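Chemist: Mind looking over this structure? Questions follow.
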Amino acid sequence: MKKKAAKEPVQIVVVSDPVKTTTAPADRRKIRALVKDKLLSTSSEPYHKVQVEVKRAPNGKPKALIVSMLRARSYTADVFKVSVDPDYNARSIEPSTAA
Amino acid sequence: MSETHVNASVPVVVMQSAARAIYATGDRSKIEQTVRSHLLLRSAETYHKVQVLVKHRPDGAPQVIYAYMLREFSYTADVARLVVDTHYGVRSVDPAYKGQDDLRYAERSQPQRVFAALKDGPDMVFGTPVPEIPTAKAAVEAAYRIAIKAGYKAVKLLGKDASVANYQKYLGGHLKAFGNVGHGYTGGIVLSDGNLTSAWFSKPKVSLKPEVVYFNSCQTFNPPLLPAIVKAGARTFVGGKVNLLIGPSEKVFRCFWLNVLTKASKMGPTLKKCESDNYPSAGAHGITGDLGKF
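Going line by line, the protein sequences match chains A and B.
Take the first sequence: its position 97, counting from 1, is numbered 114 in my numbering, and each next residue is one higher.
Take the second sequence: its position 83, counting from 1, is numbered 243 in my numbering, and each next residue is one higher.
As structure tokens, then:
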């Protein structure tokens, strides 16, 4: 596999919900910034890709992000549940095995 | 310049149903519009055609729309179920429908070709949501070729096709074997559009009998995923006890399938031998259930 250079950005994919409307580009930008700031920049582990699922409240507002960080050297996914406010600011971050 | 969705012109064919031989133009137009707006234009998958069957209430009013969505680039039919009101207004959408009772109703009607395809499904499925990792893609393609050569009907799911809905559909389809190469954790595996977790395997309606399931994915041979898969009835389950290295682990995967499918080797000893021949450390993989011949 092609190795990512030290400063090569890790691809962050916001996966689409097949039923609800897709996440707006501006919201995807906020999600990517949150993942970079709160998770990628605080880890020394090299990652291949990050996938983010948006969990929503019944009113459609974001409630939490399930962030699956795929390591570059093993088939390990580090999964975190990030509780967010409606503007995608992190309220809490915890490792997840249930999501 | 306006952009056109890839499925904008996909033909939607309303089939003759058990309750109604033909539909008025107005009804057909509503059905077509419903399928287009709620399914086709919301999907990232490219489709060739959609065959639609409407289930009616005893009073003749429409109740449920089943859409058999035939993919453009594979012989896959995605089945969706839309609950509708009397004017075909959508009440709920299940884009990955798997219920059997309603399919039996539908089977009495027209689209026999689709049902034949679903019934005469594959024996084995091998997939990876990360085909951009060359060793992952090569391992899945090798297992697929081994299965075909051994006389089994096999399907491979690469990239986008390695989706949660597809994995659920096939894992729940009473296959002989299922292999995944991709990232995992103690609670599940990561697919192209989300995670397939222990919660799904724990559902009472999920049955993995009589499958040999091999997740070439880290940490999957641990709770809560391991007991959920065992409880769901898998004949044999192989997974990573610890983190599995990209590169060597696929060699173990390929070695396992080659030996159990073509040389009638026992699964337990084969995994151990394949690991000792191809992996830098012992005990990284776990196997449970039937350890005998495939």
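Using N, Cα and C, we set each Cβ at its ideal position, and we do this for glycine too.
Being a predicted model, the structure only gives us computed values, none of them experimental.
Among B:433, B:449, B:448, whose alpha-carbon lies nearest the alpha-carbon of residue 442 (chain B)?
Modeler: If we check each option's Cα against that of residue 442 (chain B), B:433 comes out closest.
Chemist: Excluding sequence positions up to five away, which residues of its chain have a Cβ less than 7 Å from the Cβ of residue 366 (chain B)?
Modeler: These residues qualify, in order along the chain: 332, 360, 392.
Chemist: Which residues, taken in chain order from the segment 186 to 207 of chain B, show a beta carbon closer than 8 Å to some beta carbon of chain A?
Modeler: Cβ contacts with chain A come from 202, 203, 204.
Chemist: Give the DSSP bridge partners of residue 355 (chain B), in chain order.
Modeler: B:350, per the DSSP bridge assignment.
Chemist: Is it the case that the Cβ atoms of residue 94 (chain A) and residue 445 (chain B) are separated by a distance below 8 Å?
Modeler: Result no, Cβ atoms of residue 94 (chain A) and residue 445 (chain B) do not sit closer than 8 Å.
Chemist: Report, in whole angstroms, the separation of the C-beta atoms of residue 282 (chain B) and residue 319 (chain B), which I expect to be a contact under 8 Å.
Modeler: About 18 Å separates the two Cβ atoms, so there is no contact after all.
Chemist: Since residue 248 (chain B) and residue 191 (chain B) are thought to touch, with beta carbons under 8 Å apart, how far apart are those beta carbons, to the nearest angstrom?
Modeler: About 6 Å separates the two Cβ atoms, so the contact holds.
Chemist: Would you say residue 132 (chain B) and residue 406 (chain B) are within 8 Å of each other, going by their C-beta atoms?
Modeler: This structure does not reach residue 132 (chain B), given that chain B is present from 161 up to 454, and the question cannot be answered.
Chemist: By the 8 Å beta-carbon criterion, what residues does the segment 374 to 387 of chain B contribute toward chain A?
Modeler: Flagged, chain order: 376, 377, 378, 379, 384.
Chemist: If you count every other CB in all the chains shown that lies within 10 Å of the CB of residue 65 (chain A), and 16 or more means buried, which is it?
Modeler: It is buried - the Cβ of residue 65 (chain A) has at least 16 other Cβ atoms within 10 Å.
Chemist: Can you find the residues in the same chain that come closer than 6 Å, C-beta to C-beta, to residue 372 (chain B), ignoring five residues on each side of it along the sequence?
Modeler: Excluding sequence neighbours, residue 372 (chain B) sits near 337, 395, 396.
Chemist: Apart from the five residues just before and just after residue 419 (chain B), which ones in its own chain have a Cβ nearer than 6 Å to its Cβ?
Modeler: Once the five neighbours on either side are set aside, the close Cβ partners of residue 419 (chain B) are 425, 430.
Chemist: Going by DSSP, which residues form a beta bridge with residue 211 (chain B)?
Modeler: In the DSSP output, where bridge partners are listed per residue, residue 211 (chain B) has B:173, B:228.
Chemist: Quick one: list the residues of chain C neighbouring residue 64 (chain A), beta-carbon separation under 9 Å, in chain order.
Modeler: As a matter of chain content, chain C is missing from the structure shown, whose protein chains are A and B.
Chemist: Residues of chain B with a CB under 9 Å from the CB of residue 70 (chain A): which are they?
Modeler: Residues of chain B passing the Cβ test: 353, 354, 355.
Chemist: In three-state terms, what does DSSP make of residue 328 (chain B)?
Modeler: Note: residue 328 (chain B) maps to helix in three-state DSSP.
Chemist: Determine the DSSP secondary structure at residue 361 (chain B), reduced to helix, strand or coil.
Modeler: In the structure shown, residue 361 (chain B) sits in a helix (DSSP, three-state: H, G or I).
Chemist: Would the segment 48 to 59 of chain A count as touching the segment 91 to 109 of chain A if we require 3 or more Cβ pairs under 8 Å?
Modeler: The segment 48 to 59 of chain A vs the segment 91 to 109 of chain A: in contact.
Chemist: In chain B, which residues lie less than 8 Å from residue 82 (chain A) when you measure between Cβ atoms?
Modeler: Simply none; closest approach about 12 Å.
Chemist: Using the Cα positions of residue 212 (chain B) and residue 326 (chain B), report the straight-line distance between them to the nearest angstrom.
Modeler: Taking the straight line from one Cα to the other gives about 20 Å.
Chemist: Please name the residue, chosen from B:200, B:208, B:299, that lies closest to residue 240 (chain B) on a Cα-to-Cα basis.
Modeler: The shortest Cα separation from residue 240 (chain B) among B:200, B:208, B:299 belongs to B:200.
Chemist: How should residue 251 (chain B) be labelled, buried or exposed, when 16 other C-beta atoms within 10 angstroms of its C-beta is the threshold for buried?
Modeler: Result: exposed.
Chemist: Buried or exposed: where does residue 62 (chain A) fall if 16 or more other Cβ atoms within 10 Å of its Cβ makes it buried?
Modeler: Looking at its Cβ environment, which holds fewer than 16 other Cβ atoms inside 10 Å, residue 62 (chain A) is exposed.
Chemist: Tell me the rounded alpha-carbon separation between residue 296 (chain B) and residue 302 (chain B).
Modeler: Their Cα atoms are separated by approximately 10 Å.
Chemist: Closest to residue 314 (chain B) by CA distance: which of B:218, B:381, B:421, B:173 is it?
Modeler: Closest by alpha carbon: B:421.
Chemist: Closest Cβ-Cβ distance between residue 96 (chain A) and chain B: below 8 Å?
Modeler: With 8 Å as the cut-off, residue 96 (chain A) counts as an interface residue toward chain B.
Chemist: Examine chain A for any beta-carbon lying closer than 8 Å to the beta-carbon of residue 246 (chain B), and answer yes or no.
Modeler: Taking Cβ atoms only, chain A never reaches closer than 8 Å to residue 246 (chain B), which makes this a no.
Chemist: Just checking: is the beta-carbon of residue 91 (chain A) within a distance shorter than 8 Å of some beta-carbon in chain B?
Modeler: Closer than 8 Å to some Cβ of chain B, the Cβ of residue 91 (chain A) qualifies, so yes.
Chemist: Anyone know if the C-beta pair for residue 299 (chain B) and residue 341 (chain B) falls short of 8 Å?
Modeler: In this structure, residue 341 (chain B) lies closer than 8 Å to residue 299 (chain B) by Cβ.
Chemist: Quick one: using the 10 Å Cβ neighbour count with 16 as the cut-off for buried, is residue 410 (chain B) buried or exposed?
Modeler: Classification of residue 410 (chain B): buried, given that the 10 Å Cβ count is 16 or more.
Chemist: When the Cα atoms are used, what is the spatial distance from residue 242 (chain B) to residue 77 (chain A)?
Modeler: Distance between the alpha carbons of residue 242 (chain B) and residue 77 (chain A) is about 20 Å.
Chemist: With a cut-off of 8 Å, does the C-beta of residue 74 (chain A) fall near any C-beta of chain B?
Modeler: With 8 Å as the cut-off, residue 74 (chain A) does not count as an interface residue toward chain B.
Chemist: May I have the straight-line CA-CA distance separating residue 356 (chain B) from residue 379 (chain B), to the nearest angstrom?
Modeler: Using only the alpha carbons, I get a separation of about 14 Å.
Chemist: Could you please give the first and the last residue of the uninterrupted beta strand (DSSP E) stretch that includes residue 449 (chain B)?
Modeler: Segment 445 to 449, the beta strand (DSSP E) holding residue 449 (chain B).
Chemist: Does any residue of chain A have a CB that is nearer than 8 Å to the CB of residue 345 (chain B)?
Modeler: Chain A, which has a Cβ nearer than 8 Å to the Cβ of residue 345 (chain B), makes this yes.
Chemist: Whose C-alpha, out of B:292, B:284, B:294, is nearest the C-alpha of residue 306 (chain B)?
Modeler: The candidate whose alpha carbon is nearest that of residue 306 (chain B) is B:284.
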